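Below is one structure, written out as structure tokens; comments come after it.
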Amino acid sequence: MATETGKSRIIKAFTRQKIEGLVPHFEMVFFLTMEKIGKVHPSHRSYHQWNQMSEKEHKAHYVDIAHCYVDIADIYHHDAIFPQLNTGDVEGTVRVLEEMRNLDNGKYFIMLHGDPTYAIPDGNSMMDFSVRLYEDMEGLKQDQEKNMNNMLEAVYKISKHEGLLDGLALCSDYAFNVNPFFTPEIFGELIAPCLEKTIAAYRSMGLYTMKHTDGNINPILEQIVQCKPDAVHSVDPQGGMSLTDCMNKYNDKVTFVGNVNCGLLQTGTDEEAAADVRRALKEGMSKPTGYVFATSNCVYTGMPLDRYEMMNKIWREEGFYK
Numbered sequence: 001m002a003t004e005t006g007k008s009r010i011i012k013a014f015t016r017q018k019i020e021g022l023v024p025h026f027e028m029v030f031f032l033t034m035e036k037i038g039k040v041h042p043s044h045r046s047y048h049q050w051n052q053m054s055e056k057e058h059k060a061h062y063v064d065i066a067h068c069y070v071d072i073a074d075i076y077h078h079d080a081i082f083p084q085l086n087t088g089d090v091e092g093t094v095r096v097l098e099e100m101r102n103l104d105n106g107k108y109f110i111m112l113h114g115d116p117t118y119a120i121p122d123g124n125s126m127m128d129f130s131v132r133l134y135e136d137m138e139g140l141k142q143d144q145e146k147n148m149n150n151m152l153e154a155v156y157k158i159s160k161h162e163g164l165l166d167g168l169a170l171c172s173d174y175a176f177n178v179n180p181f182f183t184p185e186i187f188g189e190l191i192a193p194c195l196e197k198t199i200a201a202y203r204s205m206g207l208y209t210m211k212h213t214d215g216n217i218n219p220i221l222e223q224i225v226q227c228k229p230d231a232v233h234s235v236d237p238q239g240g241m242s243l244t245d246c247m248n249k250y251n252d253k254v255t256f257v258g259n260v261n262c263g264l265l266q267t268g269t270d271e272e273a274a275a276d277v278r279r280a281l282k283e284g285m286s287k288p289t290g291y292v293f294a295t296s297n298c299v300y301t302g303m304p305l306d307r308y309e310m311m312n313k314i315w316r317e318e319g320f321y322k
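Residue numbers for the sequence shown follow this note's numbering, beginning at 1 and rising by one.
Right under this line is the structure:
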């Protein structure tokens with residue numbers, strides 16, 4: 001019998017197969033690397049002199065980045081890793097993934113950014129984007145299609161390097177805590193068709209997909225599920241999302257990832273934070289399949305490390321399927 005790995009556990013979870021033992025767990029991003037292992041998180045690095053570096057220096061950076069991700073996964077027994085890499089930089093991404101595989105020997109499920117759909121625009125562009133929704137919908141669709149084609153081309157090139165990549169995290173945020181930025185009608189016309197096409201293209205490459213969005217996505221969740229991602233992250237309790245409701249409605253169609261309240265981990269009491277960790281485990285494991293344990297966002301800068309370590313300890317001691 002083959003030894004089970006983090007990668008095989010995530011694939012089982014994403015395909016809604018029964019898991020033996022611990023419910024799978026990983027974090028989208030673990031930013032507290034400096035506090036834990038003395039390394040600045042790679043997504044916070046800026047190599048302004050990259051083009052002046054020798055190949056030896058490039059190699060050292062690739063190895064260092066790979067260690068940062070794999071070391072954290074090793075310490076906390078994560079099943080997957082989501083390196084913060086520029087998917088469009090195919091050569092650099094492949095080099096880092098190769099170094100990660102040299103370290104993990106294929107142990108972890110590795111995913112990259114891969115979402116070409118529109119997210120909530122920032123404050124500088126929100127007004128112009130909102131006007132275009134009503135005055136230039138066709139232009140928005142064309143721009144999104146170009147973005148999708150460019151992203152699919154880059155991911156395809158990376159995927160041809162066998163064994164490096166397992167899936168994509170589709171990380172465009174669609175919602176605030178109170179409601180989605182896009183009305184269900186606009187979402188159905190603009191976002192959903194591109195999302196569905198993107199997911200189908202990745203599946204044809206043999207890659208899994210996890211759709212991430214924070215906030216209250218209740219009004220558009222049905223449409224997201226119909227686009228057939230393998231998983232949906234983050235089931236945000238601060239956005240009014242109920243893991244129990246999601247599991248009851250869609251457990252036969254999609255796996256849910258997340259739901260531990262980040263706000264309570266950061267500012268709640270120890271008792272409140274621990275109780276919420278146990279609540280998420282109980283609700284997520286209420287079904288025998290279709291859940292991956294995680295925070296409702298990520299382990300971000302400013303969250304106390306001891307709170308995540310408490311969460312991780314509870315999972316390792318109590319997160320077992322009966």
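Ideal Cβ positions, reconstructed from N, Cα and C, are used throughout, including at glycine.
All values derive from a computational prediction rather than experimental measurement.
CA-to-CA distance, residue j to residue i, given in whole angstroms
| i | j | result |
| --- | --- | --- |
| Asn-251 | Pro-193 | 23 Å |
| Leu-207 | Ile-75 | 26 Å |
| Glu-222 | Asp-64 | 41 Å |
| Glu-145 | Cys-171 | 17 Å |
| Gly-215 | Pro-116 | 19 Å |
| Val-90 | Lys-157 | 7 Å |
| Thr-269 | Ala-275 | 10 Å |
| Arg-307 | Leu-281 | 16 Å |
| Gln-245 | Val-225 | Just to set this straight, residue 245 is Asp in the shown sequence, not Gln. Roughly 14 Å separates the two Cα atoms. |
| Ala-175 | His-67 | 34 Å |
| Lys-18 | Met-247 | 15 Å |
| Leu-103 | Asp-143 | 39 Å |
| Lys-249 | Phe-320 | 23 Å |
| Asp-173 | Leu-112 | 16 Å |
| Val-131 | Asn-147 | 20 Å |
| His-212 | Val-232 | 6 Å |
| Glu-135 | Val-178 | 26 Å |
| Phe-238 | Ser-286 | Sequence check: residue 238 is Gln here, not Phe. Approximately 21 Å between the Cα atoms of the pair. |
| Leu-133 | Lys-313 | 46 Å |
| Asp-71 | Met-127 | 43 Å |
| Asn-149 | Leu-85 | 19 Å |
| Arg-45 | Arg-9 | 31 Å |
| Pro-288 | Gln-49 | 51 Å |
| Ser-125 | Tyr-47 | 28 Å |
Distance cut-off 7 Å: residue i Cβ against heavy atoms of the ligand ATP
| i | result |
| --- | --- |
| Thr-117 | Because no ligand of any kind appears in the structure shown, any question about the ligand ATP cannot be addressed here. |
The beta strand (DSSP E) enclosing residue i, as first and last residue numbers
| i | result |
| --- | --- |
| His-161 | That residue, His-161, is in no beta strand (DSSP E); it is neither H nor E in DSSP. |
| Gly-38 | Careful: Gly-38 lies outside any beta strand (DSSP E) and carries neither H nor E. |
| His-25 | Here His-25 belongs to no beta strand (DSSP E), and DSSP marks it neither H nor E. |
Proximity of residue i and residue j at Cβ, strictly below 8 Å
| i | j | result |
| --- | --- | --- |
| His-78 | Arg-316 | no |
| Arg-101 | Gly-163 | yes |
| Met-311 | Val-257 | no |
| Gly-6 | Phe-109 | yes |
| Asp-230 | Phe-82 | no |
| Phe-254 | Met-205 | According to the sequence as given, residue 254 is Val; it is not Phe. The answer is no: Cβ separation not under 8 Å. |
| Asn-259 | Gly-284 | yes |
| Leu-195 | Met-137 | no |
| Lys-36 | Leu-265 | no |
| Ile-184 | Ile-220 | Position check: residue 184 holds Pro in this sequence, whereas Ile was assumed. Taking 8 Å as the Cβ cut-off, Pro-184 and Ile-220 qualify as a contacting pair. |
| Ile-120 | Phe-187 | no |
| Ala-201 | Leu-152 | yes |
| Phe-129 | Val-299 | no |
| Lys-228 | Ile-199 | yes |
| Ser-234 | Asn-297 | yes |
Opposing strand residues paired with residue i [DSSP bridges]
| i | result |
| --- | --- |
| Ile-110 | Ile-81 |
| Lys-322 | Paired residues: none, contrary to the question. |
| Lys-211 | Leu-170 and Val-232 |
| Tyr-291 | Phe-256 |
| Pro-180 | Ala-175 |
Test: residue i CB closer than 8 Å to a CB of chain C
| i | result |
| --- | --- |
| Arg-16 | In the structure shown, chain C does not exist; there is a single protein chain. |
Where the alpha helix (DSSP H) containing residue i begins and where it ends
| i | result |
| --- | --- |
| Gly-206 | Where Gly-206 is concerned, there is no enclosing alpha helix (DSSP H), given that its DSSP letter is neither H nor E. |
| Val-63 | 55-76 |
| Asn-297 | Here Asn-297 belongs to no alpha helix (DSSP H), and DSSP marks it neither H nor E. |
| Thr-336 | A query on residue 336 cannot be resolved here, the shown segment of the chain reaching from 1 to 322 and no further. |
| Val-131 | 126-135 |
| Met-100 | 90-104 |
| Met-247 | 243-250 |
| Gln-49 | Where Gln-49 is concerned, there is no enclosing alpha helix (DSSP H), given that its DSSP letter is neither H nor E. |
| Glu-271 | 270-284 |
| Gln-17 | First-last for Gln-17: undefined, no H or E at that position. |
| Glu-222 | 221-226 |
### Message
Using a Cβ distance threshold of 8 Å, determine whether the stretch 280-294 contacts the stretch 18-34, with at least three qualifying pairs required.
### Response
yes
### Query
Okay, do the stretch 167-182 and the stretch 207-218 touch, 3+ Cβ pairs below 8 Å being the bar?
yes
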